[in-house]
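**Student:** Listed in order, the protein sequences are those of chains A and B.
The numbering used here puts the first residue of the first sequence at 29, with every later residue one more than the last.
The numbering used here puts the first residue of the second sequence at 29, with every later residue one more than the last.
Glycine included, C-beta positions come from ideal geometry on N, C-alpha and C.
Protein chains: 2
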Amino acid sequence: MDLNERKKLILQAIIDEYIGSAEPVGSRAVSKKHELGLSSATIRNEMADLEEMGYLIQPHASAGRIPSDAGYRFYVNSLMKRYKLGLETIEKLQHELAERVGMLDRTIKRAGFLTSVLTDYTTVVSAPVSERTEIKKIDLVPISDNAVMLIIVTRTVKNRLISTRLSFDECQKVAGILNACLREKSADEITMDTIHSIEAAISEKVPIEPKLIINVLHYVYEAVSELDDTEIYVQNAKSILQYPEYQDVNKARDIFTFLEDKQNLKKLIAGSGDDTEGVSAKIGDENDAEILKDCSLVTVNYSLDGKAVGKLGVIGPKRMNYAKVFASLDLISHEIDSLLGCFDDDR
Amino acid sequence: MDLNERKKLILQAIIDEYIGSAEPVGSRAVSKKHELGLSSATIRNEMADLEEMGYLIQPHASAGRIPSDAGYRFYVNSLMKRYKLGLETIEKLQHELAERVGMLDRTIKRAGFLTSVLTDYTTVVSAPVSERTEIKKIDLVPISDNAVMLIIVTRTVKNRLISTRLSFDECQKVAGILNACLREKSADEITMDTIHSIEAAISEKVPIEPKLIINVLHYVYEAVSELDDTEIYVQNAKSILQYPEYQDVNKARDIFTFLEDKQNLKKLIAGSGDDTEGVSAKIGDENDAEILKDCSLVTVNYSLDGKAVGKLGVIGPKRMNYAKVFASLDLISHEIDSLLGCFDDDR
DNA sequence: TATTAGCACTCAACTAAAATGAGTGCTAAC
DNA sequence: GTTAGCACTCATTTTAGTTGAGTGCTAATA
Numbered sequence: 029m030d031l032n033e034r035k036k037l038i039l040q041a042i043i044d045e046y047i048g049s050a051e052p053v054g055s056r057a058v059s060k061k062h063e064l065g066l067s068s069a070t071i072r073n074e075m076a077d078l079e080e081m082g083y084l085i086q087p088h089a090s091a092g093r094i095p096s097d098a099g100y101r102f103y104v105n106s107l108m109k110r111y112k113l114g115l116e117t118i119e120k121l122q123h124e125l126a127e128r129v130g131m132l133d134r135t136i137k138r139a140g141f142l143t144s145v146l147t148d149y150t151t152v153v154s155a156p157v158s159e160r161t162e163i164k165k166i167d168l169v170p171i172s173d174n175a176v177m178l179i180i181v182t183r184t185v186k187n188r189l190i191s192t193r194l195s196f197d198e199c200q201k202v203a204g205i206l207n208a209c210l211r212e213k214s215a216d217e218i219t220m221d222t223i224h225s226i227e228a229a230i231s232e233k234v235p236i237e238p239k240l241i242i243n244v245l246h247y248v249y250e251a252v253s254e255l256d257d258t259e260i261y262v263q264n265a266k267s268i269l270q271y272p273e274y275q276d277v278n279k280a281r282d283i284f285t286f287l288e289d290k291q292n293l294k295k296l297i298a299g300s301g302d303d304t305e306g307v308s309a310k311i312g313d314e315n316d317a318e319i320l321k322d323c324s325l326v327t328v329n330y331s332l333d334g335k336a337v338g339k340l341g342v343i344g345p346k347r348m349n350y351a352k353v354f355a356s357l358d359l360i361s362h363e364i365d366s367l368l369g370c371f372d373d374d375r
Numbered sequence: 029m030d031l032n033e034r035k036k037l038i039l040q041a042i043i044d045e046y047i048g049s050a051e052p053v054g055s056r057a058v059s060k061k062h063e064l065g066l067s068s069a070t071i072r073n074e075m076a077d078l079e080e081m082g083y084l085i086q087p088h089a090s091a092g093r094i095p096s097d098a099g100y101r102f103y104v105n106s107l108m109k110r111y112k113l114g115l116e117t118i119e120k121l122q123h124e125l126a127e128r129v130g131m132l133d134r135t136i137k138r139a140g141f142l143t144s145v146l147t148d149y150t151t152v153v154s155a156p157v158s159e160r161t162e163i164k165k166i167d168l169v170p171i172s173d174n175a176v177m178l179i180i181v182t183r184t185v186k187n188r189l190i191s192t193r194l195s196f197d198e199c200q201k202v203a204g205i206l207n208a209c210l211r212e213k214s215a216d217e218i219t220m221d222t223i224h225s226i227e228a229a230i231s232e233k234v235p236i237e238p239k240l241i242i243n244v245l246h247y248v249y250e251a252v253s254e255l256d257d258t259e260i261y262v263q264n265a266k267s268i269l270q271y272p273e274y275q276d277v278n279k280a281r282d283i284f285t286f287l288e289d290k291q292n293l294k295k296l297i298a299g300s301g302d303d304t305e306g307v308s309a310k311i312g313d314e315n316d317a318e319i320l321k322d323c324s325l326v327t328v329n330y331s332l333d334g335k336a337v338g339k340l341g342v343i344g345p346k347r348m349n350y351a352k353v354f355a356s357l358d359l360i361s362h363e364i365d366s367l368l369g370c371f372d373d374d375r
């Protein structure tokens, strides 16, 4: 199972070549383009060995070799060269990412976007989730005679319009009670019981129709239950269409369909590289999703502080430019960490 | 230029057929499938006439006919039969659309989604824009020792995280002044001068570092300037891949690229059916965007009240099922109108 | 013993020619 | 005015043949 130096060099040459061309690599090409000082015949013998060992595959008798999943895995773990991003690329990226960093969702989205531009693959990015989403403030603001805006501030802001008739004063009073009861509570602490006790408190102190209270509280509860929902953004899905492995429209469509379903994405994002520090990859069959069996998914965690964590991932063909993707994800995740660091408590 | 009854029937039959098959329609097929009681030879003569009049095109000498842009236009204006959506479809749709109607953006997004499910084409939907976005409330909420959430409530809610050190009390005071100065102002009324006068007011009344004030106000101004930005959502873009006219991956990619750029979409949405009541279509060459020259765009306006208005559009191949698309857009736009009606003032 | 030149063999991909058939336009008869 | 009949057109499909990249094996070489 252990490869000698020459086999490693040859395997590396073949995979590098295949990543670039998407065509089976022949012995002659290896012996010519890569200066190993070996004839094609020798390479041929070594390739036969590498195939036997499971690192290469021959699509048909008279074709060159392509890497197997195991081949890619070995390449990622031990063979690939470090990719160095250009200084100006890095600076441009830092600059663009730092813009309007206050709009968290947008920053996260842009991180995905920039990754997709940098790598030219599809990216998936999940907004940070806290273990405990603590309510900082609740507010009710009348918008028209018939509508009141409910606003719940946590680390982010949720809002929804409620169709109800409450005056400015009534809103303030109800909001006061809501704040007294819910501030500093986390979403999972708030149950139907909590809501009922608030209902009692309001009807005691504020002279408004019980029906209106129930209506408002219904929405409060609904909004609170949604606090922990993660947003997930997919970007540059169209890039899939440029790779020869997806020239078949139906294959492409299957992937698009997969990527359109947030449920799939949540599973995907959840089940990848959780315990790992830094960038990690799932290659081909290592993916759980059937449809990604001939794709690779490379992910990295970023964090907002110790607790809140999100993920950034790249989806592409198995023969993706791993070196570049690894370098890009590494850079961007660190960039996010340091950018968002300024909002942390300094305990 | 005026068509007799028989020519109309034949043209209608041909377009209906072509919409279904995407294959040039021959005279024999028309005389067989559609019970006109005419032989293929007769149909052939009529088809030759229709071609001369500009309603049909013959891709090559020995092929059937396909509709020209003018043909589709005539079809949409005078020929197509009314499409009736099933009662259960309508009810299901009403039900799904009504869910969580308080989250405006989500409702709009879902309207687009449901349209895309109903029609199986790509949809574009713009969130409603008011002529004047009036500020209802501004708030500052401390999130951590180092971060304050700025919240601006209009008909919707904008928020952003500011990296600054302000205590709860300081936030309240600053927010009080912001509200006093900005409440009931619209975005275009707020200039740099307004901001400077607020700066003066704060430094007079609240004992905090001027640097912090400037920092916060900078973000306030930025957020206010963004108030009138419209969100635009594209959904079910992948549906493009299922139509034979887009089996060519490169064509598909061009459209995806087009749809990914919000600027394009804004122009698209802005320049379509503005003055029209009800559903309107842009067929092929009628579209401004070069890339949509062999697509059709069908749009409808929906309104939140007299002023705030958004658009819902369907993009598909020229041979789209216009009847169904018209019926769907009509239904959904009315549904939105009545759903969002409950938030209106009842002046 | 490791490497390489040489050669027969394989097989996908390309090419050219031939067959097919859907559809037309025209003419003459009804 | 309508239609049957027929010659003609031309994209598409089918077929057979050619090409060429690449392999595996063998025997010669360092």
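Within the continuous alpha helix (DSSP H) that includes M220/A, where are the two ends?
**Tutor:** Taken as a continuous stretch (DSSP letters only), the alpha helix (DSSP H) holding M220/A covers 220-233.
**Student:** Going by DSSP, name the residue or residues bridged to D167/A.
**Tutor:** In the DSSP output, where bridge partners are listed per residue, D167/A has I179/A.
**Student:** Please state the DSSP three-state secondary structure of T70/B.
**Tutor:** Of the three classes helix, strand and coil, the one that applies to T70/B here is helix, per DSSP.
**Student:** For a test of the three-state rule: what should DSSP assign to Y249/B, helix, strand or coil?
**Tutor:** Here Y249/B sits in helix by DSSP.
**Student:** Is there at least one Cβ from chain A nearer than 8 Å to S191/B's Cβ?
**Tutor:** Yes, its Cβ sits closer than 8 Å to a Cβ of chain A.
**Student:** Based on DSSP bridge pairs, tell me the residues matched to I343/B.
**Tutor:** Bridge partners of I343/B: T150/B, L325/B.
**Student:** Can at least three beta-carbon pairs, one atom from the region 191-206 of chain A and one from the region 282-297 of chain A, be found at a separation below 8 Å?
**Tutor:** Result no; under three Cβ-Cβ pairs closer than 8 Å.
**Student:** For the candidate residues G92/B, S366/B, A50/B, whose alpha-carbon lies nearest to that of L332/B?
**Tutor:** The option with the nearest alpha carbon to L332/B is S366/B.
**Student:** DSSP three-state label for N32/B, please.
**Tutor:** In the structure shown, N32/B sits in coil (DSSP, three-state: anything other than H, G, I, E or B).
**Student:** Cα-Cα, which of V153/B, T117/B, I226/B is closest to A355/B?
**Tutor:** Of V153/B, T117/B, I226/B, the residue nearest in Cα terms is T117/B.
**Student:** Please work out which residues of its chain come closer than 7 Å, Cβ to Cβ, to S68/A, disregarding the five sequence neighbours upstream and downstream, and give them in chain order.
**Tutor:** Cβ within range, chain order: S55, R56, S59.
**Student:** Name the chain A residues that come within less than 9 Å of Q122/B, Cβ to Cβ?
**Tutor:** In chain order: nothing, as chain A lies at least about 16 Å away.
**Student:** Determine, for F284/B, whether the minimum Cβ-Cβ distance to residues of chain A falls below 8 Å.
**Tutor:** Closer than 8 Å: yes.
**Student:** State the DSSP-derived secondary structure class of S356/A, mapped to helix, strand or coil.
**Tutor:** Note: S356/A maps to helix in three-state DSSP.
**Student:** Any Cβ of chain A within less than 8 Å of the Cβ of R56/B?
**Tutor:** No, R56/B does not count as interfacial toward chain A.
**Student:** Measuring straight from C-alpha to C-alpha, what distance separates A438/B and E254/A?
**Tutor:** Because chain B is modelled from 29 through 375, residue 438/B falls outside the range shown and cannot be assessed.
**Student:** Using a beta-carbon distance below 8 Å, is E119/B in contact with chain A?
**Tutor:** No, E119/B lies away from the interface with chain A (no Cβ there is under 8 Å from its Cβ).
**Student:** Starting from the C-beta of I218/A, find all residues in its chain whose C-beta is less than 6 Å away, skip the five residues before and the five after it, and write them out in chain order.
**Tutor:** Hits under 6 Å: V252.
**Student:** Using the Cα positions of N278/B and S49/A, report the straight-line distance between them to the nearest angstrom.
**Tutor:** One C-alpha to the other measures close to 19 Å.
**Student:** Roughly how many angstroms lie between the CA atoms of V244/B and E227/B, to the nearest whole one?
**Tutor:** Near 10 Å, if we compare the C-alpha coordinates of E227/B and V244/B.
**Student:** Can you pull the chain A neighbours of M131/B, defined as C-beta to C-beta under 7 Å?
**Tutor:** Result: R188.
**Student:** Using 8 Å as the threshold, is the C-beta distance between L357/A and V337/A below it?
**Tutor:** Against a cut-off of 8 Å, the Cβ pair of V337/A and L357/A comes out as no contact.
**Student:** Whether or not the region 153-163 of chain B and the region 207-215 of chain B are in contact is what I'm after, with contact meaning three or more pairs of Cβ atoms, one per stretch, closer than 8 Å; do they touch?
**Tutor:** Contact holds: three or more Cβ-Cβ distances are below 8 Å.
**Student:** Rounded to whole angstroms, what is the Cα-Cα separation between D322/A and Y247/B?
**Tutor:** Roughly 46 Å between the two C-alpha positions.
**Student:** Alpha carbon to alpha carbon, what distance is there between V152/A and V169/A?
**Tutor:** The straight-line gap from Cα to Cα measures roughly 35 Å.
**Student:** Indicate, with yes or no, if the ligand FMN has a heavy atom lying under 7 Å from the CB of S324/A.
**Tutor:** This structure does not include the ligand FMN; it has no bound ligands of any sort.
**Student:** I want to verify the contact list: residues of chain B whose CB lies under 9 Å from the CB of Q275/A, in sequence order.
**Tutor:** Within chain B, the residues near Q275/A are V277.
**Student:** Residue ranges of each alpha helix (DSSP H) run of no fewer than 4 residues wholly in the region 35-67 of chain B, ordered along the chain?
**Tutor:** Listed in chain order, the complete alpha helix (DSSP H) runs (minimum 4 residues) inside the region 35-67 of chain B are 55-61.
**Student:** Answer yes or no: do T135/B and V262/B have a C-beta to C-beta separation smaller than 8 Å?
**Tutor:** Not in contact: T135/B and V262/B (Cβ atoms no closer than 8 Å).
**Student:** Which one of M108/A, I319/A, V202/A, L340/A has the shortest CA to CA distance from L142/A?
**Tutor:** Comparing Cα positions, the closest option is L340/A.
**Student:** DSSP three-state label for K13/B, please.
**Tutor:** Nothing about residue 13/B can be read from this structure; chain B reaches only from 29 to 375.
**Student:** In whole angstroms, what is the alpha-carbon distance linking T304/B and I319/B?
**Tutor:** One C-alpha to the other measures close to 24 Å.
**Student:** So is Y330/A in contact with chain B if we call contact Cβ pairs under 8 Å?
**Tutor:** Judged by the 8 Å Cβ criterion, Y330/A is not in contact with chain B.
**Student:** Between the region 223-248 of chain B and chain A, which residues of the former have CB atoms less than 9 Å from a CB of the latter, in chain order?
**Tutor:** Listed by position along the chain: Y247.
**Student:** Run through chain A and tell me which residues come within less than 9 Å of A280/B, C-beta to C-beta.
**Tutor:** Going along chain A in sequence order, the residues near A280/B (Cβ under 9 Å) are K266, L269, V277, A280.
**Student:** Could you check what DSSP says for P272/A in three-state terms: helix, strand or coil?
**Tutor:** P272/A: helix per DSSP, three-state reduction.
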